[in-house]
Amino acid sequence: MPEDSEQSSSLNEWHERSFFLEVKPRTDLASLFVDCPPKISAENKENAVIDLVRVSSHSVEIGLPTNLVANLPAIGGTIPDEVQHFSAKIADISLSPASVCTPKWADSNRLFMCKVHAEAENIPLVPKNFHRLARDMCNADYLEDFCQMLVEPTTPPPQVQIYYYFLNLKFYLFSFFQGGTLSKGSSKRNRKSASQSPEKRDKAVHITCRKCGMKFVQEGNKLALEYLPTDDWLQTSASGDFFCRDSCGAKCDPNRHGGHSSKGVESTKVNPDWVPTESKTLISHLTLTVHKQSLNEKSYELSGQIVVCAGCRSEIGQPVKNYPDLLALHHAIVSTAIGNKDFIEFRFNDYSMFLAQLILTSCENQSSVKLVIRSLDKTPYLLIWLLESYVVLATGMLHEKAQNENEEAVRPFPAIKMLYKVFDAATAASDPRANGEDASVGLIDVPFGCCLQMTEALLKSSHCLPPACRSVGQFYVGFLKIANSI
1 MPEDSEQSSS
11 LNEWHERSFF
21 LEVKPRTDLA
31 SLFVDCPPKI
41 SAENKENAVI
51 DLVRVSSHSV
61 EIGLPTNLVA
71 NLPAIGGTIP
81 DEVQHFSAKI
91 ADISLSPASV
101 CTPKWADSNR
111 LFMCKVHAEA
121 ENIPLVPKNF
131 HRLARDMCNA
141 DYLEDFCQML
151 VEPTTPPPQV
161 QIYYYFLNLK
171 FYLFSFFQGG
181 TLSKGSSKRN
191 RKSASQSPEK
201 RDKAVHITCR
211 KCGMKFVQEG
221 NKLALEYLPT
231 DDWLQTSASG
241 DFFCRDSCGA
251 KCDPNRHGGH
261 SSKGVESTKV
271 NPDWVPTESK
281 TLISHLTLTV
291 HKQSLNEKSY
301 ELSGQIVVCA
311 GCRSEIGQPV
321 KNYPDLLALH
331 HAIVSTAIGN
341 KDFIEFRFND
351 YSMFLAQLIL
361 TSCENQSSVK
371 LVIRSLDKTP
381 YLLIWLLESY
391 VVLATGMLHE
401 KAQNENEEAV
411 RPFPAIKMLY
421 KVFDAATAAS
431 DPRANGEDAS
441 VGLIDVPFGC
451 CLQMTEALLK
461 SSHCLPPACR
471 SVGQFYVGFL
481 KIANSI
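Okay, so the sequence shown: first residue is 1 according to full-length UniProt numbering, each after it adds one.
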């Protein structure tokens with residue numbers, strides 16, 4: 001998994017005194033789960049102090065209130081463990097303590113669960129379907145901004161010019177008052193570094209394998225980078241396949257189209273403005289489309305209809321349909337960077353957001369909330385059933401009150417919630433949804449490494465949930481973030 005695939009620090013595996021808050025825009029009450037570890041000792045069960053779960057507007061607490069603790073006798077000058085106070089702060093969401101209802105033990109042991117009214121501060125929580133989320137996440141402005149990083153500005157902005165002017169002035173004044181002790185070499189190096197902004201030192205497109213670091217293009221290349229509106233633009237766009245004036249081929253009305261030649265329509269000549277060339281690549285939300293001549297011949301191999309990395313033999317992409325000289329390389333396995341800025345790092349702060357975008361766009365394209373994730377050799381690995389296209393979650397741990405004063409508040413985040421099932425050889429052969437017999441299930445083919453990354457991300461998310469909420473029947477429950485905050 002790439003380095004940027006680590007889950008955000010706001011996600012914590014379920015531990016002692018963890019809490020989990022789930023807010024659904026369609027419901028009035030949110031679900032709150034709190035782990036309350038038992039503290040009853042074998043010697044003194046009758047006199048043990050019972051923990052109290054308290055919900056305030058921006059925090060969750062375990063322990064007796066401070067005014068009651070002050071009245072308890074101290075033992076040896078310290079407060080007993082039984083009356084320690086633990087709490088966690090929650091930002092961006094207001095809880096209504098008066099609305100707490102249906103308290104119960106979800107597992108008859110230590111998992112406390114209740115319902116509470118929760119509202120997002122400053123903004124209302126609006127239900128969003130996967131169509132809207134896919135449209136919002138697939139905004140072409142991000143692609144355009146990334147491509148613009150490759151363009152050298154002709155003239156630096158005035159603020160930058162003023163900054164470097166004063167930087168040079170400061171350097172020369174320092175050199176003058178030091179008696180000219182600086183060497184000519186150091187003066188030359190400082191002038192050179194001061195005259196170049198960091199963003200302008202490396203403007204080449206770097207295409208590398210995330211697993212082994214194989215470089216698919218030579219250093220110092222002059223590849224141009226442009227973007228496609230959608231990932232399947234070359235396969236589905238009527239204007240992207242061939243350069244034509246009309247979709248009917250000038251044959252539906254000979255009298256009307258008699259003056260038009262259909263030679264260009266019926267020919268297979270591709271318009272170079274819409275496809276990659278040896279000196280130009282096209283980036284989209286999930287893939288990078290390149291011309292074979294743009295890549296180092298020894299860096300990749302074609303195994304049937306699968307492109308593999310020559311270094312680690314990982315699946316990295318496929319040839320583009322109807323374009324034998326073009327290859328579509330998947331961002332999950334192939335890093336596309338301008339300088340040292342990777343596209344996924346530029347577009348997302350969390351790798352799970354990239355996987356969420358993949359699922360949402362696939363649901364939109366397949367018109368189904370059930371997907372089978374397969375590798376490029378058609379082997380099924382994962383069945384996903386999208387349950388909630390938009391929920392707000394908060395997960396964290398309760399800390400002792402003395403330590404909690406310096407703790408940052410837990411920030412809720414929007415996510416997509418789903419059921420998933422991991423296939424092995426036996427279940428893949430017996431489940432009709434895995435082999436395409438169920439017409440309601442969409443089939444998505446991605447590199448094998450992406451299948452593993454998605455499985456790992458979902459399993460990690462399941463471990464953030466309370467143990468009693470991790471499975472439903474033969475399915476596990478998981479989620480993927482779609483933003484860092486609401």
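Backbone N, C-alpha and C fix where the C-beta goes; we use that ideal spot for every residue, glycine too.
Residue pairing by DSSP places I416 opposite L480 in a beta bridge. Using a Cβ distance threshold of 8 Å, I338 and K203 count as a contacting pair. Taking a cut-off of 8 Å on C-beta distances, the stretch 385-392 touches the stretch 118-133, as three or more cross pairs fall below it.
Each residue's CA atom was taken as its position, placing G213 and K89 some 41 Å apart.
Beta-bridge analysis with DSSP links F86 to I62 and E400. N109 and A468 have their C-alpha atoms some 11 Å from each other. Under the three-state reduction of DSSP, W385 is assigned to strand.
Looking from the CA of V34, the closest CA among A394, F479, V441 and F423 belongs to A394. The Cβ-Cβ distance between A332 and I482 does not fall below 8 Å. By the neighbour-count criterion, in which 16 or more other beta carbons inside 10 Å mark a residue as buried, K417 falls on the buried side.
Take L480, set aside five residues on each side of it, and the residues of its chain with a beta-carbon closer than 8 Å to its own are S352, M353, L355, A356, I359, A415, I416, M418, A457, L458 and S461, in chain order. For the 8 Å CB-CB criterion, P97 and S57 form a contact.
Where G449 is concerned, the enclosing alpha helix (DSSP H) starts and stops at F448 to C464.
As the crow flies, the alpha-carbon of V320 is around 47 Å from that of E119. When C-alpha distances from I62 are compared across F19, L95, V308 and L29, the shortest belongs to F19. For the 8 Å CB-CB criterion, N296 and K215 form a contact. In this structure, I316 and V290 do not form a Cβ contact; the two beta carbons are roughly 11 Å apart against a cut-off of 8 Å. Considering only E408, Q474, K24 and L143, the residue with the shortest C-alpha distance to K115 is K24. If you look at F343, you'll find it in the alpha helix (DSSP H) that goes F343 to R347.
DSSP lists F112 as the bridge partner or partners of W105.
Secondary structure note for Q318: its beta strand (DSSP E) is the uninterrupted segment E315 to V320. Of the other Cβ atoms in all chains shown, 16 or more fall within 10 Å of the Cβ of W14; this residue is therefore buried. Between the C-alpha atoms of Y476 and Y381 there is a straight-line separation of about 14 Å. CA-CA distance, Q318 to R411, rounds to 39 Å. Taking 8 Å as the upper bound for CB-CB distance, L228 and L150 are not in contact here, some 16 Å apart.
Residue pairing for C363: DSSP places it in no beta bridge. In the three-state scheme derived from DSSP, where H, G and I count as helix and E and B as strand, A98 is classed as strand.
According to DSSP, residue pairing for L327 in a beta bridge involves V290 and P319. Using a 10 angstroms sphere on the CB of Q474, the tally of other CB atoms stays under 16, which defines it as exposed. Of the other Cβ atoms in all chains shown, 16 or more fall within 10 Å of the Cβ of C451; this residue is therefore buried. By the CB criterion at 8 Å, Q366 and G478 fall outside the cutoff. The beta-carbon separation of V217 and S314, rounded to 17 Å, does not stay under the 8 Å limit for a contact.
With 16 or more neighbouring CB atoms inside 10 Å of its own CB, C309 falls in the buried class. A residue is called buried once 16 or more other Cβ atoms fall within 10 Å of its Cβ, and A30 is buried on that count. Within the same chain, and ignoring the five residues on either side of K341 in sequence, the residues whose Cβ sits closer than 7 Å to its Cβ are M149. Residue nearest to Y142 within the set E345, V275, K280 and I207 is E345 (criterion: CA-CA distance).
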